[in-house]
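Asks: Please read through the structure below; I'll follow up with questions.
There are 2 protein chains.
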Amino acid sequence: MEIIREVKAMKAYVRSIRNKGETICLVPTMGYLHEGHLDLMRMGATMADHLVISIFVNPTQFGPNEDLDKYPRDMERDEKLAASVGVECIFFPDASQMYPDGYATYVNVERITQSLCGASRPNHFRGVATVVAKLFNIVEPDFAIFGQKDYQQLAVIRRMVNDLNMNVKVVAHHTVREKDGLAMSSRNKYLSPDQRRNALVLHKALLYAFSLVGSGEKSSAKIREEVMDMIANTPECVIDYVEIVDPDTLEPVESIYADVVMALAVKVGSTRLIDNMTLEV
Amino acid sequence: MEIIREVKAMKAYVRSIRNKGETICLVPTMGYLHEGHLDLMRMGATMADHLVISIFVNPTQFGPNEDLDKYPRDMERDEKLAASVGVECIFFPDASQMYPDGYATYVNVERITQSLCGASRPNHFRGVATVVAKLFNIVEPDFAIFGQKDYQQLAVIRRMVNDLNMNVKVVAHHTVREKDGLAMSSRNKYLSPDQRRNALVLHKALLYAFSLVGSGEKSSAKIREEVMDMIANTPECVIDYVEIVDPDTLEPVESIYADVVMALAVKVGSTRLIDNMTLEV
Numbered sequence: 001m002e003i004i005r006e007v008k009a010m011k012a013y014v015r016s017i018r019n020k021g022e023t024i025c026l027v028p029t030m031g032y033l034h035e036g037h038l039d040l041m042r043m044g045a046t047m048a049d050h051l052v053i054s055i056f057v058n059p060t061q062f063g064p065n066e067d068l069d070k071y072p073r074d075m076e077r078d079e080k081l082a083a084s085v086g087v088e089c090i091f092f093p094d095a096s097q098m099y100p101d102g103y104a105t106y107v108n109v110e111r112i113t114q115s116l117c118g119a120s121r122p123n124h125f126r127g128v129a130t131v132v133a134k135l136f137n138i139v140e141p142d143f144a145i146f147g148q149k150d151y152q153q154l155a156v157i158r159r160m161v162n163d164l165n166m167n168v169k170v171v172a173h174h175t176v177r178e179k180d181g182l183a184m185s186s187r188n189k190y191l192s193p194d195q196r197r198n199a200l201v202l203h204k205a206l207l208y209a210f211s212l213v214g215s216g217e218k219s220s221a222k223i224r225e226e227v228m229d230m231i232a233n234t235p236e237c238v239i240d241y242v243e244i245v246d247p248d249t250l251e252p253v254e255s256i257y258a259d260v261v262m263a264l265a266v267k268v269g270s271t272r273l274i275d276n277m278t279l280e281v
Numbered sequence: 282m283e284i285i286r287e288v289k290a291m292k293a294y295v296r297s298i299r300n301k302g303e304t305i306c307l308v309p310t311m312g313y314l315h316e317g318h319l320d321l322m323r324m325g326a327t328m329a330d331h332l333v334i335s336i337f338v339n340p341t342q343f344g345p346n347e348d349l350d351k352y353p354r355d356m357e358r359d360e361k362l363a364a365s366v367g368v369e370c371i372f373f374p375d376a377s378q379m380y381p382d383g384y385a386t387y388v389n390v391e392r393i394t395q396s397l398c399g400a401s402r403p404n405h406f407r408g409v410a411t412v413v414a415k416l417f418n419i420v421e422p423d424f425a426i427f428g429q430k431d432y433q434q435l436a437v438i439r440r441m442v443n444d445l446n447m448n449v450k451v452v453a454h455h456t457v458r459e460k461d462g463l464a465m466s467s468r469n470k471y472l473s474p475d476q477r478r479n480a481l482v483l484h485k486a487l488l489y490a491f492s493l494v495g496s497g498e499k500s501s502a503k504i505r506e507e508v509m510d511m512i513a514n515t516p517e518c519v520i521d522y523v524e525i526v527d528p529d530t531l532e533p534v535e536s537i538y539a540d541v542v543m544a545l546a547v548k549v550g551s552t553r554l555i556d557n558m559t560l561e562v
C-alpha cells in the first residue's frame, strides 16, 4: 500500500492508472477509521480497479470554536486497517499541501447548506465542498463513496457534482451502527461510559419517529415534539436540531405523505453527534 | 464541424477523444467572434489534437443592469469563422443546460476579485469562475486559452485552477488590437463612429504610462494622475478605474521597481471598455 503526501505525486500516481484505462474509487475520510469507514472501503474495493482513500482533517470545514485540534488521529492504526480492506493508496496530505500560501478559492453550495448542520456550523459545508472538489481533481475517481450518516454532506456533494458537471459518480453507503444502534463516528471516542449510554437516545428517537410514521402519523410537528421530549429528558443531552425534511431539498416538511428524512444533532456532554433516518410512509 | 448543445452529448464527444488518448484545447468565448478570438483559436489548433470552443453568453457573470440581453450574438457568422480556423466542435449550450432548475453551486475566488472590475461588477467573477469550472469539467481540456485583454479574468482563472488542483494548463494570449490600437472586443460594436475614435484614448493612455515608466518615473500616483487627466479630457469618456497593480496579486503598487500592470476601465458613452498593459521597468 502506498502513502502519498504530495498533490503532485498523487496526480502522477493517478495518471499512471488513467493511462492504462483503469478505474478508481475514492473514499474520502478524516482518518481515525472505524468499522463504518471500513465498510465503505470494502464496497469501494468491489467497484473499481483501484481503491484510493484520503485521510485529511480538513481545517476549512471546522469553525473557530470546534474540535479541529483535538480531532482524533492515529495514522499507524489507520494504515493497518486500510490495508486490511484492500486499500491500494492513501492520499495523506498536510494542510500546507492542500491550502498553500495565497489560497483563495472556495466552492459554495447555496440553500441546502443553510439548514440543519449548516445553521449551527456556518462555513462548514463551504469547507466540505471545497476540499471534496479538490480531492476529485487530484484523484480523478470514477466513483466516490460517502456515508449516509452525514446526510446533509452527501446531499451537498451530490448537488455540487451535478451543478459543476463533475465526472464522478457519487455513491451513498448506509449508516453503519454499533450493535446497540449508535451510529459509528470518530467522535464517539470523546464520550464517557455514561455519555455513551445516553447517546443511544439519538437512534431510539429515530426509531420512535419511524414507528409513528409507520402507524399513520402525518404531522411533523407532533412527531418532532415527541422526539424532542424524549431527547430533552435524557441526561447530558442538549438538542441542536430535530428536523423532518425533504430527502433532496432538505426543506422542512409539514405533513408526511411521502418518504422524508428525520435528521438530528444532539450535544451529549460537549460532544456533538448527528444521526438521521428515512421515515417511510 | 460539430455543434453540440447538450452537456451530456458534449461529455460523450470528449469521452471518445479521451479514450483514444488524444488531447483537447478549449477556447471559451461568449461568441460574436472577432479577430482576437480567431487568433486564440489559431494558437489552440497548434497545441492539441482537437480544438473545441464554447459559445455561451453566461448570465451569471452579468449584473442586473448590464448588457446581458443586448450582448451581440450571430451564430451563423460565428460558425463560419470558427470553421475557418480549424475548430472541430462548438459547444453551444443554452442557459437551461448550464443552469437547470435548482442550480445552487458557485465558485468564489476571494481577494483578487475585489479590485478593478470586481469593484464595479460584484458577482461578475463568481459567474466567470463558476462557468469556467463547469466548462472544464464538461470538455476536460488539456489546454485552455484566454486573452490577456481580460487580465483580471485570466488571473482569477489561474488562481482557481491552481487552488482547486484542476487538470488543465491555462494559456494566455496577448491582446489583439485593431490597426489603430483599440483592443478587440465584441462590445466595440456598440460604439458610434465618434465614440470609436474617442475610445482610442484607452490604448494611448497605456502607451503614455509605458513611456513614463520607461523614462524612469517610479510614482504610480504621478502616472495615474497624468493618465486620468488624459482620459477625462476626452469627450464621452468617464473613468471607472485606472490602476497600477502587481501582476499576480492585482494589489496596487505605489512605487514601480518591478514590472507592473496598468489596468483601466472607461465608459465611452454607455459602453464600458477595458484594456491593460504590462509596464516594464
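Read top to bottom, the protein sequences are chains B and G. So in the working numbering, spot 45 of the first sequence is number 45, and the numbers just go up one at a time. Remember, the working numbering sits 281 above the position in the second sequence when you count from 1. Using N, Cα and C, we set each Cβ at its ideal position, and we do this for glycine too. Model, not experiment: these values are computed from the prediction.
Is it true that the stretch 383 to 396 of chain G meets the stretch 148 to 163 of chain B, where meeting means three or more beta-carbon pairs spaced less than 8 Å apart?
Replies: As far as the Cβ criterion goes, the stretch 383 to 396 of chain G touches the stretch 148 to 163 of chain B, which means the pair count is three or higher.
Asks: If you run the structure through DSSP and keep just helix, strand and coil, what is residue 462(G)?
Replies: Looking at residue 462(G) - three-state DSSP - the assignment turns out to be coil, as it is neither helix nor strand.
Asks: Give me the residue from 28(B), 21(B), 280(B), 10(B) with the minimum Cα distance to residue 283(B).
Replies: Lying outside 1 to 281, the shown extent of chain B, residue 283(B) is not represented and no answer is given.
Asks: Just how far apart, CA to CA, sit residue 379(G) and residue 458(G)?
Replies: Cα-Cα distance, rounded: 31 Å.
Asks: Skipping 5 residues on each side, what residues in its chain have a beta carbon closer than 8 Å to that of residue 473(G)?
Replies: Taken in chain order, the residues that qualify are 550.
Asks: Could you give the residue range of the beta strand (DSSP E) that holds residue 438(G)?
Replies: No beta strand (DSSP E) holds residue 438(G); the alpha helix (DSSP H) holding it covers 432 to 444.
Asks: Which two residues bound the contiguous alpha helix (DSSP H) that contains residue 423(G)?
Replies: Segment: none, residue 423(G) is in no alpha helix (DSSP H) and carries neither H nor E.
Asks: Can you name, in chain order, every residue of its own chain whose Cβ lies under 7 Å from the Cβ of residue 480(G), other than the five neighbours on each side?
Replies: The residues are 463, 472, 549, 554.
Asks: For the stretch 230 to 250 of chain B against the stretch 135 to 148 of chain B, are there 3 or more C-beta pairs whose distance is under 8 Å?
Replies: At 8 Å Cβ cutoff, the stretches do not touch.
Asks: How about residue 17(B) and residue 142(B): are their beta carbons less than 7 Å apart?
Replies: The answer is no: Cβ separation not under 7 Å.
Asks: Strictly below 7 Å CB to CB, what residues from chain B border residue 415(G)?
Replies: Ordered by position in chain B, the residues that pass the 7 Å Cβ test against residue 415(G) are 164, 165.
Asks: Using the beta-carbon count (16 or more within 10 Å), is residue 600(G) buried or exposed?
Replies: Chain G is shown only over 282 to 562; residue 600(G) falls outside these bounds and no answer can be derived.
Asks: Please say whether residue 60(B) and residue 147(B) have beta carbons closer to each other than 7 Å?
Replies: No.
Asks: For residue 491(G), report the span of its alpha helix (DSSP H) as first-last.
Replies: Counting along the chain, the alpha helix (DSSP H) containing residue 491(G) begins and ends at 481 to 495.
Asks: Run through chain G and tell me which residues come within less than 8 Å of residue 160(B), C-beta to C-beta.
Replies: Those are 386, listed as they occur along chain G.
Asks: Exposed or buried, residue 401(G), counting other C-beta atoms within 10 Å across all chains shown (16 or more means buried)?
Replies: With fewer than 16 other Cβ atoms within 10 Å, it is exposed.
Asks: Would you list the one or two residues that DSSP bridges to residue 169(B)?
Replies: Looking at the DSSP assignment, residue 169(B) forms a beta bridge with 143(B).
Asks: By how many angstroms is the C-alpha of residue 394(G) removed from the C-alpha of residue 364(G)?
Replies: Straight-line Cα distance between these residues: approximately 34 Å.
Asks: Assuming the contact rule is C-beta atoms closer than 8 Å, residue 311(G) and residue 371(G) should be a hit. Round their C-beta distance to whole Å, please.
Replies: About 13 Å separates the two Cβ atoms, so there is no contact after all.
Asks: With DSSP run on the structure shown, which of helix, strand or coil describes residue 348(G)?
Replies: Reduced to three states, the DSSP call for residue 348(G) is coil.
Asks: Is there a Cβ from chain G that is less than 7 Å from the Cβ of residue 5(B)?
Replies: So, not an interface residue.
Asks: Going by the DSSP bridge assignment, what does residue 389(G) pair with across the sheet?
Replies: Looking at the DSSP assignment, residue 389(G) forms a beta bridge with 106(B).
Asks: Using the beta-carbon count (16 or more within 10 Å), is residue 339(G) buried or exposed?
Replies: So residue 339(G) ends up on the buried side.
Asks: Quick one: give me the first and last residue of the alpha helix (DSSP H) that residue 401(G) is part of.
Replies: Run containing residue 401(G): 397 to 401, per the alpha helix (DSSP H) assignment.
Asks: Can you tell me the Cα-Cα spacing of residue 174(B) and residue 436(G), whole angstroms?
Replies: Their backbone Cα atoms lie some 42 Å apart in a straight line.
Asks: Would you verify that the beta carbon of residue 419(G) is, or is not, closer than 7 Å to some beta carbon of chain B?
Replies: Residue 419(G) counts as touching chain B.
Asks: What's the gap between the Cα of residue 503(G) and the Cα of residue 496(G)?
Replies: Going from the Cα of residue 503(G) to the Cα of residue 496(G) covers about 13 Å.
Asks: Excluding the 5 residues preceding and the 5 following residue 95(B) in the sequence, name in chain order all residues of the same chain whose CB lies nearer than 6 Å to its CB.
Replies: Closer than 6 Å at Cβ, skipping near neighbours: 59.
Asks: Could you tell me the alpha carbon to alpha carbon distance between residue 124(B) and residue 42(B), rounded to whole angstroms?
Replies: Distance between the alpha carbons of residue 124(B) and residue 42(B): 28 Å.
Asks: If contacts are defined as beta-carbon pairs under 8 Å, then residue 261(B) and residue 252(B) qualify, I think. What distance do you get, rounded to the angstrom?
Replies: At roughly 11 Å, the Cβ-Cβ gap does not stay under 8 Å, so residue 261(B) and residue 252(B) are not in contact.
Asks: Got a sec, what are the start and stop residues for the beta strand (DSSP E) residue 77(B) sits in?
Replies: It is not in any beta strand (DSSP E) - residue 77(B) instead sits in the alpha helix (DSSP H) that spans 75 to 84.
Asks: Between the stretch 85 to 115 of chain B and chain G, which residues of the former have a C-beta closer than 9 Å to a C-beta of the latter?
Replies: Answer set for the stretch 85 to 115 of chain B: 98, 99, 100, 102, 103, 104, 105, 106, 107, 108, 109, 110, 111, 112, 113.
Asks: Please determine, among 391(G), 295(G), 476(G), the residue with the shortest C-alpha to C-alpha distance to residue 434(G).
Replies: For residue 434(G), the nearest C-alpha among the options comes from 391(G).
Asks: Roughly how many whole angstroms lie between the Cα atoms of residue 168(B) and residue 144(B)?
Replies: C-alpha separation (whole angstroms): 7 Å.
Asks: Going by C-alpha distance, which of 53(B), 70(B), 64(B) is nearest residue 79(B)?
Replies: Checked all of 53(B), 70(B), 64(B); the closest Cα to residue 79(B) is 53(B).
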